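J.: Numbering (this note's numbering), first residue to last: 503 to 624.
By construction, the Cβ of each residue, glycine as well, lies at the ideal position given by its N, Cα and C atoms.
Only a predicted model underlies this, so the values are computations on that prediction, with no experimental measurement involved.
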């Protein structure tokens with residue numbers, strides 16, 4: 503996978519506030535071009551030998567492959583879970599203008615310096 507290939511990273515959190523805090527931090531740090539929060543998902547899994555049924559929030563992080571490890575490190579450092587779900591999916595295709603915008607947002611720059619065209623694409 504090329505370093506500038508777009509990827510989406512999915513992260514479940516304990517709730518909407520956690521997802522929003524993580525997502526905003528990733529965008530401010532230019533590790534993600536955009537983060538989307540799905541406020542309510544239902545997860546089922548075994549933990550410590552017990553079946554868990556949880557209401558969680560899902561954070562969708564849009565970035566590029568070269569930033570994926572930094573996203574994972576940021577999430578692990580700032581996530582409330584002992585073992586957060588962090589799954590990466592390659593984006594095979596998308597609107598070229600959006601994908602270019604995404605790459606521009608995560609290019610190396612000082613934290614306070616927004617990328618050109620940093621508003622929503624309309």
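1) Can you tell me whether residue 543 is buried or exposed, with buried defined as 16 or more other CB within 10 angstroms of its CB?
2) Helix, strand or coil, according to DSSP, for residue 624 in the structure here?
3) One question on the structure: do residue 512 and residue 562 come within less than 9 Å of each other, judged by their Cβ atoms?
4) What does DSSP give as the partner residue(s) for residue 512 in the beta ladder?
5) Any chance the CB of residue 576 is under 8 Å from a heavy atom of the ligand FMN?
6) Helix, strand or coil, according to DSSP, for residue 608 in the structure here?
7) Residue 528: buried (16+ other C-beta within 10 angstroms of its C-beta) or exposed?
8) My output table needs one value for residue 601: the three-state DSSP class, helix, strand or coil.
9) Who are the Cβ neighbours of residue 546 in its own chain at under 6 Å, not counting the five residues just before and after it?
10) Tell me residue 547's beta-bridge partners as DSSP assigns them.
T.: Let me spell this out:
1) Translated into positions along the chain shown, residue 543 becomes position 41. That one is exposed.
2) As a working note, residue 624 is residue 122 in the chain shown. Its pLDDT being 46, under 50, residue 624 is placed unreliably in this model, and the coordinates cannot settle the point.
3) Counted from its first residue, the chain shown places residue 512 at position 10. Counted from its first residue, the chain shown places residue 562 at position 60. Yes; because the gap between Cβ atoms is below 9 Å, this pair is in contact.
4) Counting from 1 along the chain shown, the entry for residue 512 is found at position 10. Residue 512 pairs with 562 and 589.
5) As for the ligand FMN, it is missing from this structure, which has no ligand bound.
6) For the purposes of this step, residue 608 is identified with residue 106 of the chain shown, where counting begins at 1. Three-state DSSP puts residue 608 in coil, outside helix and strand.
7) Your numbering for residue 528 matches position 26 in the chain shown. Residue 528 should be labelled buried.
8) Taking the first residue of the chain shown as position 1, residue 601 is located at position 99. Of the three classes helix, strand and coil, the one that applies to residue 601 here is helix, per DSSP.
9) By one-based count along the chain shown, residue 546 stands at place 44. The answer, listed in chain order, is 555.
10) By one-based count along the chain shown, residue 547 stands at place 45. Answer is 554, bridged to residue 547.
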